[in-house]
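K.L.:
Quick one: structure below, then a few questions.
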Amino acid sequence: MARFDVYPLGSGTGYVLDVQANLLRDLNTRMVVPLVARSQAPKPISRLNPIFRVMGEDFVMMTQQQTMARFQVGCQ
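Position 49 (the sequence shown) corresponds to 48 in numbering that gives the first Met the number 0; numbering is contiguous.
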């Protein structure tokens with residue numbers, strides 16, 4: 000796996016974009032961001048949700064979905 004490579008989800012319903020720094024390539028986990036079909040994604044936010052073409056179809060990078068809600072990490 001390499002940074003900025005795109006991988007299909009096992010469920011066949013979309014893709015993920017690998018965004019993990021190559022410095023951490025030896026870990027057994029990867030930081031990925033979901034790519035959602037533009038037809039199924041909410042309205043993209045400029046600069047937060049770039050659009051990529053994969054296999055002839057437009058996908059929205061759902062950057063905010065790689066995060067956790069503040070309450071999940073103990074923030075008030």
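Just so you know, even glycine gets a beta-carbon here, dropped at the ideal spot from N, CA and C.
Owing to the predicted nature of the structure, the values given are computational and were not obtained by experimental measurement.
Which of helix, strand or coil does DSSP assign to L47?
P.N.:
Counting from one through the sequence shown, the residue named residue 47 turns up at place 48. Of the three classes helix, strand and coil, the one that applies to L47 here is coil, per DSSP.
K.L.:
In whole angstroms, what is the alpha-carbon distance linking M54 and Q64?
P.N.:
The sequence position of residue 54 within the sequence shown is 55, counting from 1. The sequence position of residue 64 within the sequence shown is 65, counting from 1. Straight-line Cα distance between these residues: approximately 22 Å.
K.L.:
Helix, strand or coil: which one does DSSP assign to L34?
P.N.:
Within the sequence shown, numbered from 1, the residue matching residue 34 stands at position 35. DSSP, read as helix, strand or coil, puts L34 in strand.
K.L.:
Note down, in chain order, each residue of its chain lying with its Cβ closer than 6 Å to the Cβ of A40, except the 5 sequence neighbours on either side.
P.N.:
Within the sequence shown, residue 40 is the residue found at index 41, counting from 1. Around A40: V59.
K.L.:
Does the beta-carbon of P7 have 16 or more other beta-carbons within 10 angstroms, so that it is buried, or is it exposed?
P.N.:
Indexing the sequence shown from 1 puts residue 7 at position 8. Exposed is the call here.
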